[in-house]
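First comes the structure, then the notes that go with it.
Numbering (our numbering), first residue to last: 77 to 496.
Spelled out as structure tokens, the structure:
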């Protein structure tokens, strides 16, 4: 049985680990993986058809804990204890729930102090006791329904019995219903940079680079760490040293040993095998990869990841909050009318639906099917994805119509410059 400390409006944890409101989904998964000896069963629950429609849930089934993550930010929004009998809980070092201490209303009042009168739902027969950042629910039998005082359920029960809490919620703010995930806590930065937003830089129909806002730990002031934000620009042709200077050390360096898309290139069979291996800088917390030419060590490709559940790479990257503007396709018009010939653009983001994008732009007619299998990973339980080309960009699309990744290529002119 887990023995955990409750901090209202902040966290649930012990001296070795802590689930903190605002932390990223991947950070909570890392905790579960590190505690696999005591957390025996962990389930990931999400909406397969529309992952944005409902919360992303990490359920510790045998420990009575359910972690609810906001579907957009993928940060921890609510910590729910759905089975109080499976866990030992303390507040300020004092136990208020265990096999020996029953979490009655009297016990909760003794442990947490006075609060507003509880709220009773006569339809569900649920009595809710609310503190700031903390709520308890008590099922109430019909024979002992609470009396009402000025419209609120009081703590006076007809039979003198004190109901027992069956659920507890930790959240940010005053209301569980209106709770939102706080910003990523400084304690969760762990010396990594995190992305606030990213814009794709394009000129004359060609991608030239990216502009991104990064937040990280700044210099401490009076022993308290501070956030530091900066805006950087990276362009194709930049050296590996330039990227290290602007983004810091990557989470991982990956060397390519094969090019699965080579067969789709013109005269691919005439190409001599490369004697230099291209390599990626993987920035997991920024949600992007940077590919460098193995011979000249110049930047030639970006890959932006949206980190949707149900994708092969889910939980490897944080979501890249990118925005990309593409010119809309021309439509037939009546020649007798005066029309505005200035180009119009559509903004594509990590939350765009592919069918809506296709209505505005002209993708390649037939997609390339990506199976995500190799000599080391022969099975893919999530199924194939589909790759569409739009100008110098490749969109990887999931079966549920969401964009899984965006690959940005250097134009031919820039590619020639890399070799000069």
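Ideal Cβ placement from N, Cα and C applies to all residues, glycine included. The structure displayed is predicted, hence computed values, not measured ones.
Open item on the list: Please classify residue 474 as buried or exposed, where buried requires at least 16 neighbouring CB atoms within 10 angstroms.
Closed with: By one-based count along the chain shown, residue 474 stands at place 398. With 16 or more other Cβ atoms inside 10 Å of its own Cβ, residue 474 counts as buried.
TODO: Would you mind working out which of 106, 137, 400, 367 sits nearest residue 315, comparing C-alpha positions?
DONE: As a position in the chain shown, residue 315 is number 239, starting the count at 1. In terms of CA proximity to residue 315, 367 leads the group 106, 137, 400, 367.
TODO: Apply the 10 Å Cβ neighbour rule to residue 331 and answer buried if 16 or more other Cβ atoms are within range, or exposed otherwise.
DONE: Taking the first residue of the chain shown as 1, we reach residue 331 at position 255. With fewer than 16 other beta carbons inside 10 angstroms of its own, residue 331 counts as exposed.
Open item on the list: Taking 7 Å as the threshold (C-beta atoms), are residue 160 and residue 212 in contact?
Closed with: Counting from one through the chain shown, the residue named residue 212 turns up at place 136. Counting from one through the chain shown, the residue named residue 160 turns up at place 84. Their beta carbons are not under 7 Å apart, which means residue 212 does not touch residue 160 by this criterion.
- [ ] Work out the CA separation of residue 313 and residue 103 for me, nearest whole Å.
- [x] As a first step, residue 103 must be located in the chain shown, where it is residue number 27. As a first step, residue 313 must be located in the chain shown, where it is residue number 237. If you take the alpha carbons of residue 103 and residue 313, they lie about 33 Å apart.
TODO: Please classify residue 125: is it buried, with 16 or more other beta-carbons within 10 angstroms of its beta-carbon, or exposed?
DONE: By one-based count along the chain shown, residue 125 stands at place 49. In summary, residue 125 is exposed, with fewer than 16 beta-carbon neighbours lying within 10 Å of its beta-carbon over all protein chains present.
Open item on the list: Here's a check: name, in chain order, each residue in its chain whose Cβ is nearer than 7 Å to the Cβ of residue 373, leaving out the five neighbours to either side.
Closed with: Looking up residue 373 in the chain shown gives position 297. The residues are 315, 316.
- [ ] Determine the closest residue to residue 96 out of 142, 358, 118, with distance taken between C-alpha atoms.
- [x] Here residue 96 corresponds to residue number 20 of the chain shown, with the count starting at 1. The option with the nearest alpha carbon to residue 96 is 142.
Task: Nearest residue (CA-CA) to residue 469, options 478, 459, 476, 482 - done: Residue mapping note: residue 469 aligns to position 393 of the chain shown, counting from 1. Taking the Cα of residue 469 as reference, the smallest distance to any Cα among 478, 459, 476, 482 is reached at 482.
TODO: Inspect the beta-carbon positions of residue 136 and residue 118 and report whether they are closer than 7 Å.
DONE: Residue mapping note: residue 136 aligns to position 60 of the chain shown, counting from 1. Residue mapping note: residue 118 aligns to position 42 of the chain shown, counting from 1. A contact, by the Cβ cut-off of 7 Å.
- [ ] Assign residue 208 to one of two classes, buried (16 or more other C-beta atoms within 10 Å of its C-beta) or exposed (fewer than that).
- [x] Within the chain shown, residue 208 is the residue found at index 132, counting from 1. With fewer than 16 other Cβ atoms within 10 Å, it is exposed.
- [ ] Alpha carbon to alpha carbon, how far is residue 196 from residue 443? Give it in angstroms, no decimals.
- [x] Counted from its first residue, the chain shown places residue 443 at position 367. Counted from its first residue, the chain shown places residue 196 at position 120. Distance between the alpha carbons of residue 443 and residue 196 is about 55 Å.
TODO: Tell me residue 471's beta-bridge partners as DSSP assigns them.
DONE: Locating residue 471 in the chain shown gives position 395, where the first residue counts as 1. When beta bridges are read from the DSSP output, residue 471 appears opposite 464, 482.
TODO: Rounded to whole angstroms, what's the CA-CA distance from residue 214 to residue 471? Just pull it up for me.
DONE: What you label residue 214 is simply residue 138 of the chain shown in a count that begins at 1. What you label residue 471 is simply residue 395 of the chain shown in a count that begins at 1. For residue 214 and residue 471, the distance between alpha carbons rounds to 49 Å.
Open item on the list: Check for me: the beta strand (DSSP E) holding residue 211 runs from which residue to which?
Closed with: Residue 211 sits at position 135 when you count from the first residue of the chain shown. 210-215 is the span of the beta strand (DSSP E), which, as asked, contains residue 211.
TODO: May I have the straight-line CA-CA distance separating residue 422 from residue 401, to the nearest angstrom?
DONE: Translated into the one-based positions of the chain shown, residue 422 becomes position 346. Translated into the one-based positions of the chain shown, residue 401 becomes position 325. Approximately 6 Å, taken between the alpha carbons.
Task: Buried versus exposed call for residue 219 [16 or more other C-beta atoms within 10 Å across all chains shown] - done: Looking up residue 219 in the chain shown gives position 143. Because the pLDDT at residue 219 is just 49, under 50, the model does not fix this residue reliably, and the value given afterwards should be weighed accordingly. Counting other Cβ atoms within 10 Å of its Cβ, residue 219 stays below 16 and is therefore classed as exposed.
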